[in-house]
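S.K.: Read top to bottom, the protein sequences are chains A and B.
Each residue of the first sequence is one higher than the last, beginning at 437 in the working numbering.
Each residue of the second sequence is one higher than the last, beginning at 14 in the working numbering.
Note that the Cβ used here is the ideal one computed from N, Cα and C, for glycine as well.
Right, I'll just put the structure down here and ask away after.
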Amino acid sequence: MFFKRSKVDKKSAADPAAEPTGPVETAEAAETAVPVEAAAATAPAEPRLSVGAHTNAAGATDPASLGFKTTADLEPAHGPVGQTKAMDALSFGAGIKGSGFHMLVIGREGTGRRTAARAKLQEAGAKAGRPADWVYVSSFDPTGGFRALKLPAGTAKPFAEKMALAIDQLADALPAAFAADDYDLKRRKIEEEFRFSREDALEALRREAESQNIALLRTPAGIAVAPVLEGKVVKTDVFNNLPDGLRREVETKIAALEAEIEAILTERPDAEKERRARLVALNEQVAGRHVRAALEDTKAEFAEVAGVESYLKAAGRDLVRNAGLFVAPNGTQAAKLTRGAGTHPRFARYAVHTMATTSAAGGVPIVQEPNPTYANLFGRVELGTAADGEATVVRIKPGALHRANGGYLLIDGDALLDSAATAEALRRALEAEEIRFDPPASPIGTVGDEVPDLESIPLNVKLVVFGDAETQRRLAASNPQLRRMFKVEAVFEDAVARTKETVATFARVVAGIVEKHSLRPLDVAGVALLIDDAARKAGGNGKLSLGIADLTHVCREADHWAGSEGRDVISGADIERALRQRKAGEDLAEAS
Amino acid sequence: MIAHVAAAGERSGRVVLWLGGSAEASRFAIEAAMLLGQAFQAEVESLYVEDKQLFDLADFPFARVIGGTATGWQPLPQIALEREMRFAAAALHRQVAEAGLAASVPCHARVVRDEPLRALARACAENGPWNVVIVGEPLAPGHEQRLADLFERVRDTTGAVIAGPLAQRTRGPVVAVVEEFERLGPMLKAAQRLATATGGDVKLTLVGDRREELEWMEGEARLLCADGDDGEFAGFESVLAANDDPAPLAEVLQRHKAGFALAQYGGRLIARGASLRPLTQVLACPLLLVR
């Protein structure tokens, strides 16, 4: 700790008349009282207990007046003692419909504000319907961005699984389809038709040349042109004996034919274009059949969901166009990718990234984010490198905002304010009511700074921020706009007035701690000691301190001592011992 | 005719694999040579013919050659031509030798410089009693004259095997297309021998242009097959076809996914000098054309 807090009430500590008080109702307690007194001699004086509900004349709690033997006799309570205003505020904030009613829960650490808030949120959230699921899918456009798809509650995972299954099926079916005799024959026919058309042109040229006593000859290296006479290539000596004019004429004809041959072999853009178009059409015909079959189930199941049909159409078109992904470049079957092919990086563009989904248990999500960084709130994009060296999105991880969408997001105010940029991004998201992925830095910095374009997701979340008075001050100073967004404030008091009702509730809260942590029941003397301790911590002014965390700690420690001595019930002596241990620990902390 | 030779049980003959002209040889033509070698216990002679006329051309100062991918015209001096041919022949012979080793068929290689058909005719005349020529280069639509010349000038061959540009198999049924009854027996026997190598059965296709003629021929064929030892025989089929129309033959071969086929050259389906285009567009297996 950087700052030490005095555990004593300064007013009481200054009173020389103040006497250490402590229950000595049992023999065991009496025996262990000496060290407490000895400690008190060196420590600041404990505040005197005032007379009040269930106390004796000295202000100590009278166990006999509490009306039970052990906490097993009590109805456990999990809420805080008192805190009526805070609880009313929480009820209002949790239950009010519509956006904008974010909650600021103020109180000291250990007052049970988180537990109380969560209980209220659960109560209100259980009555609400499950929010929709959200997934990101590729937009299949040149931007390489992602569309957000809204799916019925609980269907994001089945949708993602069905798409992965479709890719698995295609990883099986497409290589087989492209390796089939039927496809191979059709492809080769197209190639041969192209070749034949070239051969036809060459044949026509050959006939034309023949009429001029010139032959087109095939050599191992290609086509050559030669002067012929009666079907035989003219010998050079015969050719050289021809008149100059005739020789030049033959050479001119040969040069002209060579130009035509070259034109046939090279300048056929239309034919080449047609060949490519026909090959593409064939590929689409073969792949299209399998792609349609693979997506059929998903299409049928999600036909009614807006946006799914257009996504499946785009995915189908892209799968057909990129059927080569499933087949090795030389046309042979790619490395066998069957089970789990849907998650292979090669097929990352077809992955469905689940951003928000709810369980069948019902209710709205209540998400606590202990470390509210930008990535933890808004999610992160993991990039990889594709085979062509391009950056590709491997995974989109949801943030707490995605998971809490439609419900409540609980975060620690101080942790949020540690990053002003994140707090501001959160404010903008709440104000715009949308989750826009716009990180201050690259997602993870693996491949450049490319951030894919992710469509914004509508945001409907109630933010619940926990803090204390200092947090309130920091928030107002650093981000007043965000501060103003908290229309509901639940302020948890440090202490409540000691009344019969609060004492009874206190005992039930102890019973609740016993139940929650599966401890042995406390006897009434032990509970009385805890009440006195709470009264002392509150300053001895007729109030009870509400440190639930501290109370839990003492109960658990006392349970350990009772267990070590083989007892089934935590006694006053065990509580006394645990309180003494705690005091010693506090003294040690003070000294350091 | 090879069918006759096979049926008569005469001494083994020879398969002449005709290479040269271009650097290209069909893998299926080489496989067909090996299948014939296996079926008829024949040896394969890989004959690479260096076209003598090309050397006459190479004597000219203006002799040039352009590749199929049109990378531009290159001079064609004698020395370059000789080197190209030597390398092409060596590569093809090695390919044939490897196939022969795999098929356990004895292979011999020879390079001759001559006019191609004359070289082929001489090679077939030197040896006997029968030769079958395998045309190594894939069949092209404009090869009808070349094929006609082959049957005309190479008298000592009993037939020629062609492989189309769309060839894709040499395994499976052997389809024997019979147009004349007197050829039925020998062609059936030859098909049965071939079927032992291709691993398929025999599909007998009777072709005629009159229904009565076909019915009569089918009846006779059934009698013939019933009398003989025709264990691998699988079935008959009768096809009505007009003259000079290879389409019915093409359809039969496609339907049966034949691994090898036999047909008559100069008959009803493949007339002498007729266009080979319909055949080249569908022929997926080697086709043995008998005289």
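1) Beta-carbon of A/Leu-621 versus every beta-carbon of chain B: anything under 8 Å?
2) Going by the DSSP bridge assignment, what does B/Trp-31 pair with across the sheet?
3) For the alpha helix (DSSP H) that B/Cys-137 lies in, which residues bound it at each end?
4) For A/Pro-957, tell me which candidate among A/Lys-593, A/Asp-995, A/Arg-554 has the shortest Cα-Cα distance.
5) How would you call A/Pro-837, buried or exposed, if buried means at least 16 neighbouring beta carbons within 10 angstroms?
6) If you check the beta carbons only, do A/Pro-512 and A/Asn-841 fall under 8 Å apart?
7) Thinking C-alpha only, which one of B/Ala-276, B/Leu-266, B/Ile-283, B/Gly-280 is nearest B/Val-295?
8) Report yes if the C-beta distance between B/Leu-160 and B/Leu-105 is below 8 Å; otherwise report no.
9) If you draw a straight line from the alpha carbon of A/Asp-620 to that of A/Pro-656, how long is it in whole angstroms?
10) Among residues of its own chain, excluding the 5 on either side of B/Leu-301, which ones have a beta-carbon nearer than 6 Å to its beta-carbon?
11) Using 8 Å for Cβ pairs, my map puts A/Gly-962 next to A/His-514. What's the rounded Cβ distance?
12) Taking DSSP as the reference, what is the three-state secondary structure of B/Met-47?
13) I'd like the ranges of any alpha helix (DSSP H) spanning at least 4 consecutive residues and lying wholly in the segment 839-868 of chain A.
14) From the DSSP output, which residues share a beta bridge with A/Gly-799?
15) So, do the segment 674-681 of chain A and the segment 125-141 of chain B have three or more beta carbon pairs nearer to each other than 8 Å?
16) Using a Cβ-Cβ cut-off of 8 Å, state whether B/Leu-300 counts as contacting chain A.
17) On the three-pair Cβ rule with 8 Å, is the segment 566-580 of chain A touching the segment 792-808 of chain A?
18) Of the choices A/Leu-755, A/Asp-673, A/Gln-804, A/Val-800, whose alpha-carbon is the least far from that of A/Gly-849?
19) Pull up the distance between the alpha-carbon of A/Asp-618 and that of B/Val-145, whole angstroms please.
20) Using a Cβ-Cβ distance cut-off of 8 Å, determine whether B/Leu-160 contacts chain A.
21) Rounded to a whole number of angstroms, what is the C-alpha to C-alpha distance between A/Leu-1024 and A/Arg-1016?
22) A/Gln-605 to A/Ala-730, Cα distance in whole Å?
23) CB A/Ile-832 to CB A/Phe-614, shorter than 8 Å?
24) Less than 6 Å between C-beta atoms, sequence neighbours within five positions excluded: which residues of the same chain meet that for A/Ala-784?
25) Within 8 Å of any Cβ in chain B, is that where the Cβ of A/Phe-632 sits?
26) Thinking C-alpha only, which one of A/Arg-711, A/Glu-708, A/Lys-749 is nearest A/Arg-728?
27) Out of A/Val-901, A/Glu-937, A/Ile-603, A/Thr-507, point me to the one whose CA is closest to A/Ala-751's CA.
28) Can A/Arg-1018 and A/Gly-488 be called in contact, C-beta distance under 8 Å?
29) Would you mind working out which of A/Gly-975, A/Cys-991, A/Ala-640, A/Ala-970 sits nearest A/Gly-983, comparing C-alpha positions?
30) Can you grab the Cα-Cα spacing for the pair A/Ile-1006 / A/Asp-959, in whole Å?
31) Per DSSP, what kind of secondary structure is A/Thr-1035 in: helix, strand or coil?
32) Between A/Ala-560 and A/Ala-926, is the Cβ-Cβ spacing less than 8 Å?
33) Do you know how far the Cα of A/Asp-498 is from the Cα of A/Asn-492?
34) At a CB distance below 9 Å, what residues from the segment 98-115 of chain B approach chain A? Give them in sequence order.
35) Mind pulling the chain B residues with CB within less than 9 Å of A/Thr-591?
36) Quick one: any contact between the segment 110-119 of chain B and the segment 38-53 of chain B, if contact means 3 or more CB pairs under 8 Å?
M.R.: Taking the coordinates as given:
1) Yes, contact with chain B.
2) Answer is B/Leu-60, B/Val-148.
3) Counted as a single uninterrupted DSSP element, the alpha helix (DSSP H) harbouring B/Cys-137 occupies residues 129-139.
4) The residue with the shortest Cα to Cα distance from A/Pro-957 is A/Asp-995.
5) The sequence given here places Leu at residue 837 of chain A; Pro does not occur at that position. Flag for A/Leu-837 reads buried.
6) No.
7) Considering only alpha carbons, the answer is B/Leu-266.
8) Not closer than 8 Å, so no.
9) Each residue's alpha carbon lies about 27 Å from the other.
10) Counting only Cβ-Cβ distances below 6 Å, and skipping sequence neighbours, we find Gly-172, Val-174, Leu-275.
11) Contact between A/Gly-962 and A/His-514 fails: their C-beta atoms lie close to 19 Å from each other, not under 8 Å.
12) B/Met-47 sits in a helix when the DSSP states are folded into three classes.
13) Fully enclosed alpha helix (DSSP H) runs of no fewer than 4 residues occupy 849-853, 856-868 of the segment 839-868 of chain A, in order along the chain.
14) Paired residue(s): none; A/Gly-799 is not in a bridge.
15) By the Cβ criterion, the segment 674-681 of chain A is not in contact with the segment 125-141 of chain B, since fewer than three pairs of Cβ atoms, one from each stretch, lie closer than 8 Å.
16) It does not; no Cβ of chain A falls within 8 Å.
17) With the cut-off at 8 Å, the segment 566-580 of chain A and the segment 792-808 of chain A touch.
18) Ranked by how close their Cα comes to the Cα of A/Gly-849, the residues A/Leu-755, A/Asp-673, A/Gln-804, A/Val-800 have A/Gln-804 in first place.
19) Roughly 31 Å separates the two Cα atoms.
20) Not a single C-beta of chain A is nearer than 8 Å to the C-beta of B/Leu-160.
21) If I take the Cα positions, the gap works out to 12 Å.
22) Rounded to the nearest angstrom, the two C-alpha atoms are 6 Å apart.
23) No, Cβ-Cβ distance for A/Ile-832 and A/Phe-614 is not below 8 Å.
24) Cβ within range, chain order: Thr-828, Val-830.
25) With 8 Å as the cut-off, A/Phe-632 counts as an interface residue toward chain B.
26) Put simply, of A/Arg-711, A/Glu-708, A/Lys-749 the residue whose alpha carbon is nearest the alpha carbon of A/Arg-728 is A/Lys-749.
27) Measuring from the Cα of A/Ala-751, the nearest candidate turns out to be A/Ile-603.
28) Contact: no.
29) Minimum Cα distance to A/Gly-983 is reached at A/Ala-970.
30) A/Ile-1006 and A/Asp-959 have their alpha carbons spaced roughly 6 Å apart.
31) Because chain A is modelled from 437 through 1028, residue 1035 of chain A falls outside the range shown and cannot be assessed.
32) No, they are not a contact pair.
33) A/Asn-492 and A/Asp-498 have their C-alpha atoms some 6 Å from each other.
34) Answer set for the segment 98-115 of chain B: Met-98, Phe-100, Ala-101, Ala-102.
35) The contact set of A/Thr-591 on chain B, defined by CB atoms closer than 9 Å, is empty, because the minimum CB distance reaches about 46 Å.
36) Taking 8 Å as the limit for Cβ pairs, the verdict is that the segment 38-53 of chain B does touch the segment 110-119 of chain B.
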